[in-house]
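Here the protein sequences come in this chain order: A and B. Sequential numbering of the first sequence, starting at 1, is according to our numbering. Sequential numbering of the second sequence, starting at 1001, is according to our numbering. Remarks on the structure that follows.
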Amino acid sequence: MKLSDLTNRAGEWLRGSGPMSEIVISSRIRLARNISGYPFLTRISRHERQALEKRVREVVLNAQISPQTLYVDLETAPEIDRALLVERHLISKPHATAEGARGVAIGEDESVSIMVNEEDHLRLQVLRSGLQLEEAWEQINEIDDKLEAKLDFAFHPRFGYLTACPTNVGTGIRVSVMLHLPALKLTGEIEKVFRAAKEMRLAVRGLYGEGTEATGDFYQISNQTTLGKTEDEIISDFKHLVIPKIIDYEHHARRTLLNDRTVALDDKVSRSLGILRTARLMTSEEVLFLLSHLRMGINLGRVKEMDIRMVNELFLLTQPAHLQKLQGRKLEGDVRRAARADFIRQKLNGSGNS
Amino acid sequence: MTLARGRNTIEQELAAGRWAVSYDMKCDNCNKPATVHLTEIKHGKKVERHLCEQCATTSEGMPVQGHTPINELLTNFVMAHSGLQKEEGTSCEHCGITWAEFRQNGLLGCENDYQLFEKDLTPLLQRAHEGGTHHLGKVPARRGGSGVPLSKRTDVNKLRKELARAVEAEDYERAAKLRDQIRQAEES
Ligand SMILES: [Zn+2]
Ligand SMILES: [Zn+2]
């Protein structure tokens, strides 16, 4: 498997399927692990860092975490490839731009990735489409067991898995659910989500790391407590308390739009589709917003001839690194914005009737 | 509510949010929970201010960011507990880190630091983890765990928590059942 195999298709998590996928985009579980005997990365020497990367790389590639595993050496990978991995949610932004020996192992369908030498020695991640937290936990727990058989993870009976930042100590688990909440945004009730999250001591963030609000109505909800609770408790709180509540709010808001504000809803969706089908210059931010409304239109049956999967793919393939990879050259400024608009027009007018 | 911004790592951002929401204090201006805590030196006197996010973003000289960065909170927290400064000189014999250095970027240097700074870390951990101080989750097989995330001890703890919830909700039927389950788990 090569990195270039990834470029022109979307990973498992963007399939647009899975339970509750009309609202829940993806479920992600991440585990932080360090290897006993090596300092954490803030205090590690260059030499130790290299030795650690080599050792973990070997173990990860032999652990059969997936039928085929791709390992990307991020110290030598070109910037565009690292940006591509960020856009696919396979590595974090800091991991893309850091320095020194580091890498990422990626499973075949991209549901699994393992960052090596990020803030912790290992950051395991499982990312799946829709609401699949239990499945994700099962999968990551199994991978953790496989790695643990070969690596002695730093662990303390009282503190649990030891991490560089005390905010991750204990289980080292971070559960994140990505939600698409356009109706709550349109009805002005998005504050409800923030309040519900806060009550449960959860963090709310945007879609692509920088976490601006301007990310097309996508919100990521994550746990903050990692110590003093079991993995099961943390996941079950999400599954049974937090997520159903937010899904309920969004469903209610969508019904309100459908029943009481049908014309306004159709106007929003049609305008978005109209711009997507005709514009000549587009920023990725604008595209996110327009696709968000289009996605809602499809989910509510207001746009019939289009498929969610294609919209999901457009979200990914119109991001800067993907666009440049697909075109096979560096694109900047208006040239990039024009290429983005061309790509979208091609995709949408090819499948719809325009 | 402002979403987290800036160049911090995802985890630091999350952490910032966590440190921010876990203080159980009321805002100096209104009665909402205070999430921003500042220690300022004014005319040679230490002044502590506790504000909710809204008041913090509107009041003068306050950070515009919704979440106070972890480092700032750490610094403020440590300053507010001056007794902790005794530990300042101690450095880890394995990685060399001192408590002061940890305070600067919020990251520890090696696995031994948790033991070394246990006393100072405990209140921080409690604030970060809803009062949690002891690990209850998965234990690696080579550390005596069964490889299964739920040990018996965890089960009992979980049942106890559920029992407390049931009592609070005045669901006595369920509470009685849970009590039986706890007794059984402890006897087996
Ligand atoms: Zn206030
Ligand atoms: Zn140390």
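The beta-carbon is built from N, C-alpha and C at its ideal position, and this holds for glycine as well.
Heavy atom of ligand 2 within 8 Å of residue 293 of chain A beta-carbon: The count along the first sequence starts at 1 and reaches residue 293 of chain A at position 293. No, the Cβ of residue 293 of chain A stays beyond 8 Å of every heavy atom of ligand 2.
Check whether residue 253 of chain A and residue 189 of chain A have beta carbons under 9 Å apart: Walking along the first sequence from the start, residue 253 of chain A turns up at place 253. Walking along the first sequence from the start, residue 189 of chain A turns up at place 189. Yes, the Cβ-Cβ distance between residue 253 of chain A and residue 189 of chain A is below 9 Å.
Test item, CB below 6 Å from any non-hydrogen atom of ligand 2: B:1092, B:1094, B:1095, B:1097, B:1109, B:1110, B:1112, B:1113
CA-to-CA distance, residue 68 of chain A to residue 1141 of chain B, given in whole angstroms: Position 141 of the second sequence holds residue 1141 of chain B. Position 68 of the first sequence holds residue 68 of chain A. Their backbone Cα atoms lie some 26 Å apart in a straight line.
Chain-ordered chain B contacts of residue 164 of chain A [CB-CB under 7 Å]: Position 164 of the first sequence, counting from 1, holds the residue named residue 164 of chain A. At a beta-carbon threshold of 7 Å, the residues of chain B lying near residue 164 of chain A are 1107, 1108, ordered along the chain.
Touch test, the stretch 236-248 of chain A against the stretch 305-315 of chain A, Cβ-Cβ under 8 Å, three pairs minimum: Pairwise C-beta distances place the stretch 236-248 of chain A out of contact with the stretch 305-315 of chain A, as fewer than three of them are shorter than 8 Å.
Residue burial classification, residue 1085 of chain B (beta-carbon count within 10 angstroms, cutoff 16): For this step, residue 1085 of chain B is matched to residue 85 along the second sequence. Since pLDDT at residue 1085 of chain B reaches only 45, below the 50 mark, its modelled position is unreliable, and the value read off the structure follows with that caveat. Result: exposed.
Within-9 Å CB hit, residue 1164 of chain B to chain A: As a working note, residue 1164 of chain B is residue 164 in the second sequence. For residue 1164 of chain B, not one C-beta of chain A is nearer than 9 Å to its own C-beta.
Beta bridge counterpart(s) of residue 28 of chain A as assigned by DSSP: Walking along the first sequence from the start, residue 28 of chain A turns up at place 28. DSSP, once it has assigned bridges, lists A:127, A:176 as partnering residue 28 of chain A.
Start and end residues, beta strand (DSSP E) containing residue 69 of chain A: Position 69 of the first sequence, counted from the first residue, corresponds to residue 69 of chain A. Counting along the chain, the beta strand (DSSP E) containing residue 69 of chain A begins and ends at 69-73.
Interface residues of chain A facing residue 1138 of chain B [CB-CB closer than 7 Å]: Working through the second sequence from its first residue, we reach residue 1138 of chain B at position 138. Under the 7 Å cutoff, chain A gives 171, 231.
Residue 292 of chain A and residue 350 of chain A closer than 9 Å at C-beta: Numbered from its first residue, the first sequence carries residue 292 of chain A at position 292. Numbered from its first residue, the first sequence carries residue 350 of chain A at position 350. No, the pair does not count as a contact, with Cβ atoms beyond the cut-off.
C-beta neighbour in chain B for residue 13 of chain A, strict 9 Å: Position 13 of the first sequence, counting from 1, holds the residue named residue 13 of chain A. It does not; no Cβ of chain B falls within 9 Å.
Sequence-distant residues of its chain with Cβ nearer than 7 Å to residue 1166 of chain B (five each side left out): On the second sequence, residue 1166 of chain B is found 166 positions in, with the first residue counted as 1. The beta carbon of residue 1166 of chain B sits closer than 7 Å to those of 1174, 1175, 1178, all from its chain and outside the five residues before and after it, given in chain order.
Exposure of residue 47 of chain A, with buried meaning 16 or more beta-carbon neighbours within 10 Å: As a first step, residue 47 of chain A is located in the first sequence; it is residue number 47 there, counting from the start. Under this definition residue 47 of chain A is an exposed residue.
CB contact flag (residue 321 of chain A, residue 10 of chain A, <9 Å): Taking the first sequence and counting its residues from 1, the one referred to as residue 321 of chain A is at position 321. Taking the first sequence and counting its residues from 1, the one referred to as residue 10 of chain A is at position 10. Taking 9 Å as the Cβ cut-off, residue 321 of chain A and residue 10 of chain A do not qualify as a contacting pair.
Whole runs of the beta strand (DSSP E) within the stretch 131-184 of chain A, excluding any shorter than 3 residues: 173-180
Collapsed DSSP secondary structure at residue 1031 of chain B in the structure displayed: As a working note, residue 1031 of chain B is residue 31 in the second sequence. It is coil, neither helix nor strand.
Residue 33 of chain A (DSSP reduced to helix, strand or coil): As a working note, residue 33 of chain A is residue 33 in the first sequence. Strand.
7 Å Cβ cut-off: residues of chain A touching residue 1027 of chain B: Residue 1027 of chain B sits at position 27 when you count from the first residue of the second sequence. Ordered by position in chain A, no residue passes the 7 Å Cβ test against residue 1027 of chain B, which lies about 14 Å from the chain.
contact_flag[the stretch 220-230 of chain A, the stretch 1118-1137 of chain B] where n(CB pairs < 8 Å) is 3 or more: yes
Buried versus exposed call for residue 1164 of chain B [16 or more other C-beta atoms within 10 Å across all chains shown]: As a first step, residue 1164 of chain B is located in the second sequence; it is residue number 164 there, counting from the start. By the 10 Å Cβ count, residue 1164 of chain B comes out exposed.
Which of helix, strand or coil DSSP assigns to residue 1091 of chain B: Position 91 of the second sequence, counted from the first residue, corresponds to residue 1091 of chain B. Reduced to three states, the DSSP call for residue 1091 of chain B is strand.
Listed by chain order, chain C residues near residue 1142 of chain B by CB distance under 9 Å: You won't find chain C in this structure, because its protein chains are A and B.
Rounded C-alpha distance that separates residue 141 of chain A from residue 126 of chain A: Reading the first sequence from its first residue, position 141 is the one you call residue 141 of chain A. Reading the first sequence from its first residue, position 126 is the one you call residue 126 of chain A. Rounded to whole angstroms, the gap between the alpha carbons of residue 141 of chain A and residue 126 of chain A is 10 Å.
For residue 52 of chain A, the first and last residue of its enclosing alpha helix (DSSP H): Along the first sequence, read from residue 1 onward, the residue named residue 52 of chain A stands at position 52. 46-62 is the span of the alpha helix (DSSP H), which, as asked, contains residue 52 of chain A.
Chain B contacts from the stretch 37-52 of chain A (Cβ-Cβ distance under 7 Å): 39, 40, 42, 43
Sheet register partners of residue 1098 of chain B (DSSP bridge): As a working note, residue 1098 of chain B is residue 98 in the second sequence. B:1091, per the DSSP bridge assignment.
Residues bridged to residue 976 of chain B (per DSSP): Summary: the structure shown does not reach residue 976 of chain B, with chain B confined to residues 1001 through 1188, and so no result is reported for it.
Check whether residue 175 of chain A and residue 234 of chain A have beta carbons under 9 Å apart: The count along the first sequence starts at 1 and reaches residue 175 of chain A at position 175. The count along the first sequence starts at 1 and reaches residue 234 of chain A at position 234. Their beta carbons are under 9 Å apart, which means residue 175 of chain A touches residue 234 of chain A by this criterion.
Minimum C-alpha distance to residue 118 of chain A - residue among A:98, A:258, A:112: Working through the first sequence from its first residue, we reach residue 118 of chain A at position 118. Just measuring C-alpha positions, the residue of A:98, A:258, A:112 sitting nearest residue 118 of chain A is A:98.
Which listed residue (A:173, A:28, A:33, A:153) has its alpha carbon closest to that of residue 112 of chain A: Here residue 112 of chain A is taken as the residue at index 112 of the first sequence, counted from 1. Of the listed residues, the one whose Cα sits closest to residue 112 of chain A is A:28.
Residue 107 of chain A in three-state terms, based on DSSP: One-based indexing of the first sequence puts residue 107 of chain A at position 107. Reduced to three states, the DSSP call for residue 107 of chain A is strand.
Local conformation of residue 205 of chain A per DSSP, three classes: What you label residue 205 of chain A is simply residue 205 of the first sequence in a count that begins at 1. Of the three classes helix, strand and coil, the one that applies to residue 205 of chain A here is strand, per DSSP.
Neighbour flag for residue 1182 of chain B against chain A, beta carbons, 9 Å: For this step, residue 1182 of chain B is matched to residue 182 along the second sequence. No, no contact with chain A.
Alpha carbon of residue 1156 of chain B to alpha carbon of residue 347 of chain A, nearest angstrom: Position 156 of the second sequence, counted from the start, is the residue given in the question as residue 1156 of chain B. Position 347 of the first sequence, counted from the start, is the residue given in the question as residue 347 of chain A. Taking the straight line from one Cα to the other gives about 56 Å.
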